[in-house]
Amino acid sequence: MAVGDPQIYCYADPLFFETPDHWDRGFAPFTVATRPVPAGWTRTERAGWTHLVPPVRNLPEQGWKIHVSAGPEHTDRALEIVWDHCVGENVQFKYLSTREVHLAHNTKYAPRSGSGKLVTIYPRDDEQLLTLLEDLTKLLDGITGPRVLSDLQWPDSPLHLRYGAFVERFCTEPNGAVVPALARPDGTLVPDRRRPVFTLPDWAPVPPFVQEVLDRRTTGPEFPYRIQRAMHFSNAGGVYLAERKSDGKVCVLKEARPYAGLDMKSHDAVTRLRREKWALDRLAGAEGAPGVLDYVTMDGHEFLAMEHVDASNLWVWMARIHPMIVSENSSPEDYRAYTERVLAVLDRIERVLAGFHARGVGFGDLHYGNVLVRPDDSVALIDYEAAFDTADTEHRPAVATMGFSAETGLRGVDLDHYCLASLKAAMFLPYEKLRALDPAKTAEQLDFIAERFPLPEGFLDPVRRMLLPPAPGAAPAGPGLPPVREAAASMASAIVSCADLSHRSRLFPGDCEQFVTSGATFANGAAGVLWALSVCGLPVPDAHQEWLVEAADRPGPRQGFYNGTHGLAYTLDHLGHTGAAARLVDRTRDAARTARGIGLYDGLTGIGLTRLHLAERWQTVDFDEDIAHVADTLAEALRANRPVTGGPTAQDPPPVRAGLMRGWSGVALFFLRLYEVSGDPGHLDLAVAAVHRDLDRCTTTPNGSLQVEEAGVRTLCYLDVGSAGIALVADEVLTLRDDDRLREALPALLTACTPEFVVMPQLFMGRSGLVAALERAGRRDPALARPAVVARHLDRLGWYALSHQGHMAFPGDLLLKLSMDLATGTAGVLLTTAAVMGDRGRFLPFFTDRPPAPADPTGSR
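Adding 135 to a residue's 1-based position in the sequence shown gives its number in the numbering used here.
So this is what it looks like as structure tokens:
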């Protein structure tokens, strides 16, 4: 995901991703929010910010801006001071609209580069900049807040400086991404980077008083630890593998930023790190607790040095040996061996927790990431930020992990007992987040565990007592899906019931990427949802189409198919709004030529395929020049093995891009469709060569499958990036040309699509995309058909099926929230189960229909 950590979008709604400005915790509004707008000024609300614009605007397009930081206890006073001063000086400014938004922007997993900013002030020139800095330093004396990592801090104040854009402009990065922009002195647009460290373009003008601050920056006293590598970053600070300079001892160094990384009780990272030290001091010498080496303060940040435990976290340990993950042919003996090993590890975890409780320490946040397993299967627990004194029998946590936190009012040590029960279930079937979204899934999961794994008699009884809802909940969806027509109708009802016509930024709840690209896009917005409903033969409400037409009139910088205007134009034309589609294509024609990425998702391939499709639909030659430009550019990139067009030649292809959406397989799809129009065999040659290029990025796994390799990390089998996407296009190529390498590789690519355990149900990076690859290949060539595997995948989709307002819905990315979109959510599952499995075999845009082969045993499903 381009949004980074999605946590900031998880607060406002219990079921869906939503922006934090929709979060209502019952906080009182800021006092300035109740003030009338000053005479002649305008006040607007946008994306969680309140903008105050004076009657006369004389700002440059970019320059030095001031950010004001304040902790929760100082926000009202800081806002009142800034409001009064800026209005009096006729200076434009904006502030975070609510206390909830301020909390969300300063939580532990908020974006690090933007945290700390309560107010942004836009000086008109350097003279006013200096005056504002001097005046506000005096006025804000005593105000404290988190340091803004992207900025230069003005001395002895909560003020921070950064040179950046004052107006919204965009440019295309070398990797093809569309990003906010600044203008160089010659007018060239370049990325306006918001990194979590202060950086300054080498051409940016620096006023003398700012240069003085830059020159005075020092590193301070020598730090007693030498950082070897960063293990983890969050808004609270970093976690590092370090070496103590005095004796060379390797340790883990945990950093806490003051006033930053707030939890739900508004405690900052320093408060939690001190709590962690308290817990580890009390647990000194206890089994499973790392020892404390040191506690130091440097430049206001606090650091806890701890014993380094050389081990894997529990998720990594489990993934390497779980019989449903490592092999499709695991034997009963494999399940027995795994069960015995897991039970031994769980016993050790339970013993460690009991030892902690005996010393008066509750752990508070037991989950995969906080358990380390050594090579001998002994365990240690890490991350004691949520630790508490067991004497506090009414303790409630301020931090929790989805699927492992009790939502049933438990207190004190019972919190640990609940986490342990959840962990016991998750070690056998790791879908704990689904239980959080719908507690009715709990019984279904525990029944499967009892059936599949040879557990001791009574092992699950205490787990059931702890995890099952105290009162009957909604009926679970049950194993597998109902018949296709019934399932499709239920999913469509869930989608339509979630539509919000008053929500300008999005019509349907989907992945949080929609808040970055647009709520109208094909992958994560309304275009893909409405298109999926239509091709599945389901009604598309007029009001929803009108929302999409209106959204098409809003300017947007992205021109790609799945994340931008071309997917929107394709959908409008499909739904009969040809005039709106034509206007959109015409309006973005020049901007589309700036695309540099090759991808179907966001680059030239998607643009070229859209122009090809619309040229055929509208019977126009108006797009011939554009199509030729795309073909020539992609052919050149393919020959050079350069996944980005223009600019310097890349040394190596970007890692883990092979697949349908972002790799060469999407390019192959373009040349296939172009060949069908042109009849030029050279285009077919390029299609074959492009798929070969993706195959070059694949590796053969122990079970004989062919998967995309993320070097040293994992292999990927999905539609977006991975085997399924390559298989889909290889299968399309083989309908037009036989190729030895593709024919031989296809069965191995399809083998990668057969695992029983798949983390997510979604189309792009989950189970539904695997179903599509298997089912379509089997329709073309019955020898490739795997009806039993397809049937099992469809049955296992029932694992994720949740009840929403009585209808069937599916969770999106990381199983954190329900999603209705095409890429990650319910619309993608609908497309797979209804369209791909139906008589026509209609699939994603630009793929041919695939009626079932006569011998295909799944064709009537």
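Where a beta carbon is used, it is the ideal one built from N, C-alpha and C, also for glycine.
Check whether residue i and residue j have beta carbons under 7 Å apart
{"i": "LEU769", "j": "LEU739", "result": "yes"}
{"i": "LEU214", "j": "VAL167", "result": "yes"}
{"i": "PRO425", "j": "MET441", "result": "yes"}
{"i": "ASP855", "j": "MET796", "result": "yes"}
{"i": "VAL779", "j": "GLY743", "result": "no"}
{"i": "ASP398", "j": "ALA533", "result": "yes"}
{"i": "TYR244", "j": "ASP140", "result": "yes"}
{"i": "ALA365", "j": "TYR298", "result": "no"}
{"i": "PHE978", "j": "VAL971", "result": "yes"}
{"i": "VAL374", "j": "HIS443", "result": "no"}
{"i": "LEU187", "j": "PHE228", "result": "yes"}
{"i": "ILE216", "j": "LEU275", "result": "yes"}
{"i": "MET433", "j": "CYS633", "result": "no"}
{"i": "ALA969", "j": "ALA623", "result": "yes"}
{"i": "ALA556", "j": "MET601", "result": "yes"}
{"i": "LEU636", "j": "ALA661", "result": "no"}
{"i": "PHE305", "j": "PRO922", "result": "no"}
{"i": "TRP799", "j": "ALA772", "result": "no"}
{"i": "ILE861", "j": "LEU877", "result": "no"}
{"i": "GLY183", "j": "SER250", "result": "no"}
Counted within 10 angstroms of its Cβ, other Cβ atoms place residue i as buried (16 or more) or exposed
{"i": "LYS576", "result": "buried"}
{"i": "ASP831", "result": "exposed"}
{"i": "SER653", "result": "buried"}
{"i": "PRO607", "result": "Any reading at PRO607 must be qualified, since the residue scores a pLDDT of 48, below 50, and its modelled position is unreliable; no value is offered."}
{"i": "LEU349", "result": "exposed"}
{"i": "SER248", "result": "buried"}
{"i": "ALA990", "result": "Because the pLDDT at ALA990 is just 49, under 50, the model does not fix this residue reliably, and the value given afterwards should be weighed accordingly. With fewer than 16 other Cβ atoms within 10 Å, it is exposed."}
{"i": "GLN786", "result": "Residue confidence for GLN786 is low, a pLDDT of 44 falling below 50, so the modelled location carries little weight; the figure read from the coordinates is stated next. Answer is exposed; the Cβ neighbour count stays below 16."}
{"i": "PHE344", "result": "exposed"}
{"i": "ARG915", "result": "buried"}
{"i": "LYS952", "result": "buried"}
{"i": "GLY963", "result": "buried"}
{"i": "GLY435", "result": "exposed"}
{"i": "VAL332", "result": "exposed"}
{"i": "ASN776", "result": "exposed"}
{"i": "GLY941", "result": "exposed"}
{"i": "GLY277", "result": "exposed"}
{"i": "ASN193", "result": "exposed"}
{"i": "LYS273", "result": "exposed"}
{"i": "GLN897", "result": "buried"}
{"i": "GLU579", "result": "buried"}
{"i": "ASN464", "result": "exposed"}
{"i": "GLY383", "result": "exposed"}
{"i": "ALA380", "result": "Strictly speaking, residue 380 in this sequence is Lys, with Ala absent from that position. Flag for LYS380 reads exposed."}
{"i": "GLY976", "result": "buried"}
CB-CB length for residue i against residue j, believed under 8 Å
{"i": "LEU267", "j": "VAL203", "result": "No, LEU267 and VAL203 are not in contact; Cβ-Cβ is about 10 Å, not under 8 Å."}
{"i": "ALA822", "j": "ALA859", "result": "That belief does not hold up - the Cβ atoms of ALA822 and ALA859 are roughly 18 Å apart, past 8 Å."}
{"i": "TYR705", "j": "THR745", "result": "5 Å"}
{"i": "PHE523", "j": "GLY497", "result": "5 Å"}
{"i": "TRP176", "j": "PRO189", "result": "6 Å"}
{"i": "LEU439", "j": "LEU478", "result": "Incorrect: roughly 33 Å between the Cβ atoms, too far for contact."}
{"i": "LEU719", "j": "ALA687", "result": "5 Å"}
{"i": "VAL487", "j": "GLY423", "result": "3 Å"}
{"i": "ALA887", "j": "LEU841", "result": "6 Å"}
Whole runs of the alpha helix (DSSP H) within the stretch 672-698, excluding any shorter than 4 residues: 677-687
Are the stretch 583-597 and the stretch 472-491 touching, with three or more C-beta to C-beta distances below 8 Å? yes
Practice prompt. Within the stretch 850-919, note down every full alpha helix (DSSP H) run reaching 4 residues or more, in order along the chain.
Written response: 858-869, 875-886, 902-915
* Curious, which full-length alpha helix (DSSP H) runs of at least 4 residues does the stretch 534-575 contain? -> 549-561, 567-572
* To do: Indicate whether the contact test is met: 3 or more Cβ pairs, each with one atom in the stretch 638-652 and one in the stretch 923-933, closer than 8 Å.
  => no
Looking at C-beta atoms only, is the number of pairs between the stretch 388-398 and the stretch 311-328 that lie closer than 8 Å three or more?
no
### Message
Three Cβ pairs or more, each shorter than 8 Å: is that satisfied between the stretch 712-723 and the stretch 663-672?
### Response
no
Contact between the stretch 313-322 and the stretch 255-273 is defined here as three or more beta-carbon pairs at a separation below 8 Å; is this criterion met? no
- Query: Curious, which full-length beta strand (DSSP E) runs of at least 3 residues does the stretch 717-752 contain?
  - Reply: Runs found: none.
- [ ] Indicate whether the contact test is met: 3 or more Cβ pairs, each with one atom in the stretch 146-163 and one in the stretch 277-284, closer than 8 Å.
- [x] no
Check your understanding: Do three or more CB pairs link the stretch 863-879 to the stretch 843-853 at distances below 8 Å?
Key -> no
request  = Give a yes or no on contact between the stretch 750-759 and the stretch 813-827, applying the rule of three or more CB pairs nearer than 8 Å.
outcome  = No, they do not touch.
TODO: Could you name each continuous beta strand (DSSP E) segment of 3 residues or more that falls completely within the stretch 446-499, going from the start of the chain to the end?
DONE: none
message: For a minimum of 4 consecutive residues, which ranges assigned as the alpha helix (DSSP H) are wholly contained in the stretch 766-837?
response: 799-813, 816-830
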